[in-house]
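Heads up, the thing below is written out as structure tokens.
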Amino acid sequence: MTTPTNERHSSLGFGNLWAVVMSAEKPKNTSESVLLHPLDTAAAPEPELLCIFGTGDLGRSLGQRLLQSGYRVVYGSRRPTSCGPLPQGTQVMSHAAAAQSASVVFVCVHRENYEFLETLAPQLRGKVLVDVSNNLKKNLYPEANAEYLQRLIPGAQVVKAFNTLSAWALQNGPSDANRQVFLCGNSAEANQAVAKTATKLGFTVLDRGSLSAARELEDFPLQLFPEWRLPLRVAVGLIAALFFYVLIRDVIYAKVELGKDISFRIMVSLANKVFPIVSLIMLSLCYLPGVIAAFLQLYRGTKYKRFPDWLDRWMLCRKQLGLVALGLAFLHVLYTLIIPIRYYVKFRIAASTVLQMKENQTKEFNTVWAWQGDSFYSTGILGFGMFLLLGITSLPSVTNALSWREFNFIQSKLGYLTVFLCTFHTYLYGWNKFLRPSSYKWNTPPAFMLSLVLPTVVMVLKLLLLLPCVDRRLTRIRQGWERTDPKDDSRKSLLA
Amino acid sequence: MTTPTNERHSSLGFGNLWAVVMSAEKPKNTSESVLLHPLDTAAAPEPELLCIFGTGDLGRSLGQRLLQSGYRVVYGSRRPTSCGPLPQGTQVMSHAAAAQSASVVFVCVHRENYEFLETLAPQLRGKVLVDVSNNLKKNLYPEANAEYLQRLIPGAQVVKAFNTLSAWALQNGPSDANRQVFLCGNSAEANQAVAKTATKLGFTVLDRGSLSAARELEDFPLQLFPEWRLPLRVAVGLIAALFFYVLIRDVIYAKVELGKDISFRIMVSLANKVFPIVSLIMLSLCYLPGVIAAFLQLYRGTKYKRFPDWLDRWMLCRKQLGLVALGLAFLHVLYTLIIPIRYYVKFRIAASTVLQMKENQTKEFNTVWAWQGDSFYSTGILGFGMFLLLGITSLPSVTNALSWREFNFIQSKLGYLTVFLCTFHTYLYGWNKFLRPSSYKWNTPPAFMLSLVLPTVVMVLKLLLLLPCVDRRLTRIRQGWERTDPKDDSRKSLLA
Amino acid sequence: MTTPTNERHSSLGFGNLWAVVMSAEKPKNTSESVLLHPLDTAAAPEPELLCIFGTGDLGRSLGQRLLQSGYRVVYGSRRPTSCGPLPQGTQVMSHAAAAQSASVVFVCVHRENYEFLETLAPQLRGKVLVDVSNNLKKNLYPEANAEYLQRLIPGAQVVKAFNTLSAWALQNGPSDANRQVFLCGNSAEANQAVAKTATKLGFTVLDRGSLSAARELEDFPLQLFPEWRLPLRVAVGLIAALFFYVLIRDVIYAKVELGKDISFRIMVSLANKVFPIVSLIMLSLCYLPGVIAAFLQLYRGTKYKRFPDWLDRWMLCRKQLGLVALGLAFLHVLYTLIIPIRYYVKFRIAASTVLQMKENQTKEFNTVWAWQGDSFYSTGILGFGMFLLLGITSLPSVTNALSWREFNFIQSKLGYLTVFLCTFHTYLYGWNKFLRPSSYKWNTPPAFMLSLVLPTVVMVLKLLLLLPCVDRRLTRIRQGWERTDPKDDSRKSLLA
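Sequence order for the protein chains is E, Z and V. All letters in the first sequence, in the order written, are residues 1 to 496 by full-length UniProt numbering. All letters in the second sequence, in the order written, are residues 1 to 496 by full-length UniProt numbering. All letters in the third sequence, in the order written, are residues 1 to 496 by full-length UniProt numbering.
Printed below as a string of structure tokens:
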């Protein structure tokens with residue numbers, strides 16, 4: 001960077017531009033000034049001076065890091081003489097004096113105390129103000145902190161940045177989830193100046209555009225898996241409900257009707273009934289909204305009509321629904337694979353072999369059972385393999401490497417194939433249990449039958465959508481065609 | 001951003017630059033004008049006006065999204081009075097009038113209709129034209145749509161962008177595979193202006209350089225796993241061929257020669273023969289081209305000679321070959337682990353125990369068998385673990401975090417270790433089957449022997465390359481050394 | 001970058017800026033000049049000319065790629081007439097002449113030969129010098145190559161770039177671990193000019209800030225998993241130590257005391273003892289430093305005091321410790337799941353069934369054993385599932401998608417849950433072995449007991465930290481509060 005005539009701009013990232021402009025004024029000795037200038041540039045320049053308002057924890061952490069990265073730091077404080085220990089090598093001044101000395105000011109002050117900054121408006125005019133603040137809760141204030149700051153000091157260029165980092169990362173540099181600095185602001189130059197500092201501190205910068213994105217950035221560090229809540233609640237609800245259903249039908253039924261205590265089956269057998277059932281239900285919940293949306297579009301004859309809110313929200317958490325289902329399917333696989341090393345299973349097999357020996361009967365090998373069993377396992381394995389593929393392609397870096405057409409092919413085509421394989425796997429499990437009266441203990445259907453309802457519905461509806469006549473119409477609607485219906489004037493309003 | 005004196009530039013992302021330039025004219029009050037300017041900047045500015053040519057589906061979707069993101073939108077249409085419903089709050093004008101009112105124009109028109117834009121050249125001079133078009137097929141036209149547009153209107157700055165997004169994403173914002181906006185164009189300022197809009201719409205921008213990249217961007221949404229086709233075809237071909245081979249040797253042989261129906265074994269036993277065999281073959285196909293390339297370089301005595309096309313193409317799909325092989329190895333693991341819960345296996349074990357009892361024989365524990373079996377499983381598990389490690393490091397985000405040396409260490413050193421472990425695992429499976437005549441039913445070798453050919457070749461060739469004298473020469477060639485051969489003048493031509 | 005008088009600079013990405021500046025001089029016909037300029041820009045421009053110093057391997061590879069990407073290339077060489085074959089279509093000149101003809105110069109020369117460049121200082125003034133060099137070892141020189149180059153030619157703008165790519169990637173374009181070009185330099189304009197070229201060559205650019213980052217970039221290609229070394233050494237050391245411990249207690253004990261040869265158990269049984277034990281120890285090593293750090297902060301009464309070096313280094317490799325532990329846990333899972341298909345296990349089960357038959361005894365089903373066994377497997381499966389979740393969230397792209405709070409929730413809350421589940425799993429394995437004298441062969445405790453020490457310590461310490469009074473104080477300290485201790489003046493010094 002050049003040594004700009006006006007020191008104030010040195011950190012704004014367009015010092016060189018300034019040099020260009022200055023030389024443009026004197027066209028006669030342009031080349032001279034050009035040649036001389038880079039010379040200065042290369043000479044070890046005095047480190048840039050940055051200003052921090054606030055000597056609290058955040059200010060201290062940030063200041064220490066800035067010092068370590070080769071900046072000079074000056075603090076602005078209400079009580080410059082009694083503000084507690086600060087990183088060695090920094091200066092403390094009044095706010096006004098500190099602001100005057102640097103062109104970038106980090107505001108490490110709570111939003112509640114922003115008001116006093118208004119009095120510094122003259123000193124802050126033309127400065128880059130970096131708002132690093134966060135709130136304790138969402139929607140505490142009507143406007144974002146950074147927007148409030150910009151309103152207070154319209155003459156400054158407010159940039160929202162660094163607020164998504166932990167104080168630890170601010171002090172010690174990037175680590176794990178603290179590698180990216182999101183920033184936004186109305187001035188591209190101010191954004192770039194802050195981006196440069198963030199890069200020098202070792203962070204990767206993501207420019208999120210104008211200051212209207214500040215609210216989003218301020219909400220980011222407060223969020224705790226917002227889009228995972230609904231799917232997790234659905235999962236927990238279904239697991240609890242099915243656990244009790246299976247507990248009653250298996251353990252309590254055995255106790256009451258047969259007088260046997262098989263409560264030890266809770267740990268593995270019951271878990272291995274509940275997990276796959278909930279997994280299959282959630283997998284179909286993942287594909288159901290898409291089918292509903294298609295029918296809604298067909299019914300309405302337009303794609304421009306907004307979906308009802310519940311459907312919108314449902315569609316937005318499909319990925320999470322699917323991933324929770326995949327996690328449960330994974331547990332199901334492990335629970336299934338440990339079956340033969342369980343004490344209970346080994347005991348039963350030995351007992352059955354001994355019995356077979358004692359009764360001296362020769363069991364016939366049943367080829368149909370072998371076919372059924374092996375097909376059951378094979379569809380399960382293939383279904384789980386496909387499911388895993390869906391999961392891998394939903395990793396952010398894999399998704400980003402795919403074109404939209406490729407992503408759609410996997411999540412839609414291969415997704416329905418997964419639903420089919422997993423449903424078929426469950427039907428094969430059922431096999432002859434559907435017609436056997438002993439399946440219906442206390443007149444209730446076995447739990448696996450409950451899990452078949454939704455995926456069967458999804459597959460039937462999807463097959464309907466694949467009928468050529470339906471498919472053709474849907475394709476036209478999705479290409480923008482609308483059914484013109486003279487009586488229906490709701491169409492226009494939704495474009496609002 | 002300000003409303004600059006020259007409205008045309010307002011969206012080009014250098015409004016502030018303009019302010020600086022203006023102030024450069026009046027050096028006396030520079031500081032004043034600079035200080036005053038940001039003041040305007042901060043004042044809530046009138047939303048920027050963007051122009052959209054075309055009122056079709058794409059234009060409507062994009063317009064709606066731009067409105068929601070705080071832009072004002074004006075449509076340019078051939079028939080401004082009868083162009084169907086448009087998002088509320090937008091205006092429709094003639095193309096000429098619309099173009100005049102904004103500095104960025106989104107061309108949401110099919111390439112077939114670009115020609116009429118030529119008549120608007122005067123109005124579009126100096127504007128940023130965003131080409132969002134896609135074609136239905138690759139190579140439909142001799143030049144990219146965006147380059148064609150640039151040729152039609154040389155006075156405008158054409159930026160190719162947004163074409164990789166689905167219409168849904170354009171209307172509703174980023175989701176899954178629609179998070180990144182690729183753009184390219186000859187003017188850095190125009191690119192940045194479009195990047196700014198894309199960022200405000202919530203997308204992440206990837207600048208792909210000059211307009212010569214437009215063809216690539218236009219081909220992107222049409223592609224459906226181009227680099228996966230060859231590996232998948234190889235996999236399907238091998239699976240089919242080996243399935244029939246195993247089917248004949250196992251099921252049909254048993255039927256014909258022994259009169260037994262073991263067709264039920266198709267579902268699991270046969271699958272669990274075919275998958276690991278194809279997996280091992282494909283894993284060695286993944287390392288074979290590297291070895292061939294090394295021998296070719298040794299033979300030619302230079303690294304500057306281009307490889308034959310088939311070798312080039314083969315080397316480019318090594319990653320995909322390896323990942324398909326990993327998928328098959330994963331299926332092999334699952335098929336193996338469910339063995340003990342299969343009806344057929346449980347039946348056979350019980351029968352054998354009963355038989356053992358009846359004949360009152362005491363089987364001797366065979367330590368050699370125990371060693372062989374356990375080594376077989378252990379090498380399999382370790383090989384699969386290493387294979388999985390190779391797979392994980394080929395995830396884009398993991399690969400990006402590695403230095404070239406690290407990536408090479410894993411994919412090459414650990415890769416050959418994986419080949420060794422998996423091949424050794426298969427040899428241990430063979431064990432004494434190689435010399436047993438009963439292995440060669442109908443005079444054909446067992447399928448697993450077929451799978452050993454390629455990996456053995458790869459390992460032998462690799463060992464040759466590791467010989468110090470060969471290795472030294474290869475290293476020199478790869479550092480740029482060339483064997484000077486007076487008769488060989490093909491060397492120079494390949495540098496062309 | 002400075003003001004170029006000379007058209008030569010038009011390709012540096014601010015040709016249009018120049019147009020604006022020029023128009024600023026003549027305010028009367030601004031619009032005209034602005035309108036004319038883009039016209040030229042758009043007209044198919046002559047390809048930009050780039051200069052490469054050095055005709056070695058790197059220079060040739062880079063030159064070939066630049067040519068293919070549409071640049072013109074001129075080489076600077078000491079002996080322009082006898083410098084060996086170069087890509088067809090390029091020119092070779094003296095260094096001085098070549099430097100004069102282009103504005104960007106790639107220095108493909110070994111650092112040892114940089115000195116001669118000093119004589120070219122006048123010709124290189126104002127040029128962008130791209131330093132692509134690497135050293136053979138770290139810390140070979142007191143300053144980074146690029147900084148040395150900048151010192152030699154202060155009038156040029158040195159940009160460090162392309163050095164992290166393999167020569168293969170420089171010649172053939174991006175592939176796998178060669179997709180990103182890291183660059184750094186003191187001039188934002190020079191950086192951008194180089195970034196533009198890198199983008200055109202197909203790479204993704206990551207700007208790492210000022211030239212002070214050059215050392216880091218030069219060290220990058222030399223590194224071979226530096227942060228994995230300590231964890232891998234710990235893992236190998238623990239595996240070796242425990243292997244011998246288990247070997248002595250199991251195999252040698254059986255040989256010496258019982259006269260039985262069970263050495264075949266090494267391959268699976270011993271591995272499946274060592275791997276889970278080391279995995280659990282390393283998992284607790286992953287959470288131990290965090291607990292120690294908290295107690296240290298409590299003891300010191302401040303968070304501003306730097307941790308001892310050993311603790312710092314330990315904390316920095318927690319992620320790697322955890323991932324190695326996960327890998328071992330994965331092997332443990334596979335080794336466990338193949339248990340029932342092992343020859344040894346099948347033999348033993350058959351023998352036990354036969355024995356049971358012979359002795360005509362009826363074994364009673366032990367419900368307590370069933371509970372214990374099933375709980376043992378269930379906690380193991382759940383623990384492994386949680387562990388896998390921790391592993392997935394540490395994939396870079398997943399970590400980046402999480403807010404700091406979310407990452408913390410998973411790695412801390414769910415992490416301690418994982419430690420608890422895995423420790424409980426091991427206690428369930430122990431069950432009644434703790435009190436059984438036969439467990440203590442040769443008066444040594446079983447290996448699994450050793451693995452329980454550390455996780456138990458971690459959990460007890462963590463529970464102490466969760467006590468409300470301790471937790472409150474720790475929270476205050478982490479918010480910046482410091483215990484004021486008149487005798488303790490070490491506090492200030494650490495802020496240095």
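Don't be surprised by glycine CBs; every beta carbon is placed ideally from N, CA and C.
Residue i - containing beta strand (DSSP E), residue span
{"i": "LEU283(E)", "result": "Per DSSP, LEU283(E) belongs to no beta strand (DSSP E); it is in the alpha helix (DSSP H), 271-300."}
{"i": "GLY76(Z)", "result": "72-77"}
{"i": "CYS51(Z)", "result": "49-53"}
{"i": "GLN180(Z)", "result": "180-185"}
{"i": "THR204(Z)", "result": "204-207"}
{"i": "PHE106(Z)", "result": "104-107"}
For residue i, the three-state DSSP class (helix, strand or coil)
{"i": "GLN64(Z)", "result": "helix"}
{"i": "CYS422(Z)", "result": "helix"}
{"i": "ALA94(Z)", "result": "This sequence places Ser at residue 94(Z); Ala is not what is there. Strand at SER94(Z)."}
{"i": "ALA42(E)", "result": "Here the model assigns ALA42(E) a pLDDT of 40, short of 50, so the residue's position is not dependable, and the following value carries that caveat. If DSSP states are grouped into helix, strand and coil, ALA42(E) belongs with the helices."}
{"i": "GLY126(V)", "result": "coil"}
{"i": "SER69(E)", "result": "coil"}
{"i": "ASP101(E)", "result": "It is Ser, not Asp, that sits at residue 101(E) in the sequence shown. Of the three classes helix, strand and coil, the one that applies to SER101(E) here is helix, per DSSP."}
{"i": "SER210(V)", "result": "coil"}
{"i": "SER82(V)", "result": "coil"}
Terminal residues of the alpha helix (DSSP H) in which residue i lies
{"i": "GLN171(Z)", "result": "167-172"}
{"i": "THR199(Z)", "result": "188-200"}
{"i": "VAL234(Z)", "result": "226-246"}
{"i": "ARG478(Z)", "result": "468-478"}
{"i": "THR336(V)", "result": "318-337"}
{"i": "GLU218(E)", "result": "214-219"}
Cβ distance (whole Å) where residue i is taken to contact residue j below 8 Å
{"i": "CYS317(Z)", "j": "LEU224(Z)", "result": "That pair is no contact at about 15 Å."}
{"i": "VAL132(Z)", "j": "ALA156(Z)", "result": "Rounded, the Cβ-Cβ distance is 15 Å, inconsistent with contact."}
{"i": "VAL74(Z)", "j": "SER103(Z)", "result": "Not quite, the Cβ-Cβ distance comes to about 12 Å (not below 8 Å), so this is no contact."}
{"i": "LEU331(Z)", "j": "ILE392(E)", "result": "LEU331(Z) to ILE392(E), Cβ: 15 Å. No contact."}
- alpha helix (DSSP H) runs wholly inside the stretch 347-412 of chain E, at least 4 long, in chain order: Scanning the stretch 347-412 of chain E for uninterrupted alpha helix (DSSP H) segments of 4 residues or longer gives 367-393, 396-401 and 404-408, listed from N- to C-terminal end.
- Just checking, does the stretch 82-91 of chain E make contact with the stretch 106-117 of chain E on the three C-beta pairs under 8 Å criterion? Using a Cβ-Cβ distance cut-off of 8 Å, the stretch 82-91 of chain E and the stretch 106-117 of chain E are not in contact, since fewer than three pairs of beta carbons, one from each stretch, lie closer than that value.
- Enumerated in chain order, which unbroken segments of the alpha helix (DSSP H) with a length of 4 residues or greater are wholly contained in the stretch 130-172 of chain V? Runs of the alpha helix (DSSP H) inside the stretch 130-172 of chain V: 145-152 and 167-172.
- Message: Using a Cβ distance threshold of 8 Å, determine whether the stretch 209-217 of chain V contacts the stretch 136-149 of chain V, with at least three qualifying pairs required.
- Response: Taking 8 Å as the limit for Cβ pairs, the verdict is that the stretch 136-149 of chain V does touch the stretch 209-217 of chain V.
- Message: For the structure I just gave you, are there three or more beta carbon pairs, one from the stretch 337-357 of chain Z and one from the stretch 294-304 of chain V, closer than 8 Å?
- Response: Fewer than three Cβ pairs drawn from the stretch 337-357 of chain Z and the stretch 294-304 of chain V lie within less than 8 Å of each other, which leaves the two stretches out of contact.
- Which runs of the alpha helix (DSSP H) fall wholly inside the stretch 426-473 of chain V and span at least 4 residues, in chain order? Fully enclosed alpha helix (DSSP H) runs of 4 or longer: 447-466.
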